[in-house]
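Everything in the sequence shown is counted per my numbering, starting at 5 for the first residue and increasing by one. Taking it in order: structure first as structure tokens, then the write-up.
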Amino acid sequence: MELLLRRGFQRSVVRDRMTCVNAVMFRRVWKGTNETVLAYSESEALAYRVRQDDVDPADPFVVDPDHALWQRGGEFLDVAGELLELPPAPGHSRF
5 MELLLRRGFQ RSVVRDRMTC VNAVMFRRVW KGTNETVLAY SESEALAYRV RQDDVDPADP
65 FVVDPDHALW QRGGEFLDVA GELLELPPAP GHSRF
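Below you can see the structure in the form of structure tokens.
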């Protein structure tokens with residue numbers, strides 16, 4: 005979790021109203037790209053990358069698969085690591 009924070013992610017607690025589950029959300033927006041990790045537990049997480057305009061910040065649990073640039077589910081450390089290892093979004097550089 006600390007690595008995500010050092011990489012510019014903001015941490016907050018969110019609640020999925022449909023399933024009544026709390027999650028810790030790590031989110032950063034950079035040059036029009038939204039990257040989010042939703043951690044339900046150590047063994048269950050969802051990570052995704054979408055264009056900033058293609059996500060509803062009020063409901064981060066729903067991601068349209070047609071708009072997702074990248075999306076994975078699995079263990080928290082695995083999906084967070086994969087997200088951090090992605091190359092920059094098309095049209096962006098690391099600098």
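Virtual Cβ for every residue (Gly too), placed ideally from N, Cα, C. The structure presented is a predicted model; accordingly, all values stated were derived computationally and were not measured.
**Message:** For a test of the three-state rule: what should DSSP assign to Phe99, helix, strand or coil?
**Reply:** Counting from 1 along the sequence shown, the entry for residue 99 is found at position 95. No answer about Phe99 holds up, because its pLDDT of 47 lies below 50 and its placement is not dependable.
**Request:** Give me the Cα-Cα distance between Arg15 and Phe30, rounded to the nearest whole angstrom.
**Result:** As a working note, residue 15 is residue 11 in the sequence shown. As a working note, residue 30 is residue 26 in the sequence shown. So the alpha carbons of these two residues sit roughly 5 Å apart.
**Prompt:** Could you give the distance in angstroms between the alpha-carbon of Tyr44 and the alpha-carbon of Arg55?
**Reply:** Start at 1 with the first residue of the sequence shown, and residue 44 comes out as number 40. Start at 1 with the first residue of the sequence shown, and residue 55 comes out as number 51. Distance between the alpha carbons of Tyr44 and Arg55 is about 23 Å.
**Request:** Could you give the DSSP three-state label for Glu6: helix, strand or coil?
**Result:** Along the sequence shown, one-based indexing puts residue 6 at 2. Helix, per DSSP.
**Message:** Quick check on DSSP: helix, strand or coil for Ala62?
**Reply:** As a first step, residue 62 must be located in the sequence shown, where it is residue number 58. Of the three classes helix, strand and coil, the one that applies to Ala62 here is coil, per DSSP.
**Message:** So Pro64 and Thr40 are supposed to be a Cβ contact under 8 Å. How far apart are they, rounded?
**Reply:** Reading the sequence shown from its first residue, position 60 is the one you call residue 64. Reading the sequence shown from its first residue, position 36 is the one you call residue 40. Confirmed, Cβ separation roughly 6 Å.
**Prompt:** Which residues in the same chain as Gln75 place their Cβ atom closer than 8 Å to its Cβ, once the five residues preceding and following it in sequence are excluded?
**Reply:** Here residue 75 refers to the residue found at position 71 of the sequence shown. These residues qualify, in order along the chain: Leu50, Ala51, Tyr52, Arg53, Val67, Pro69.
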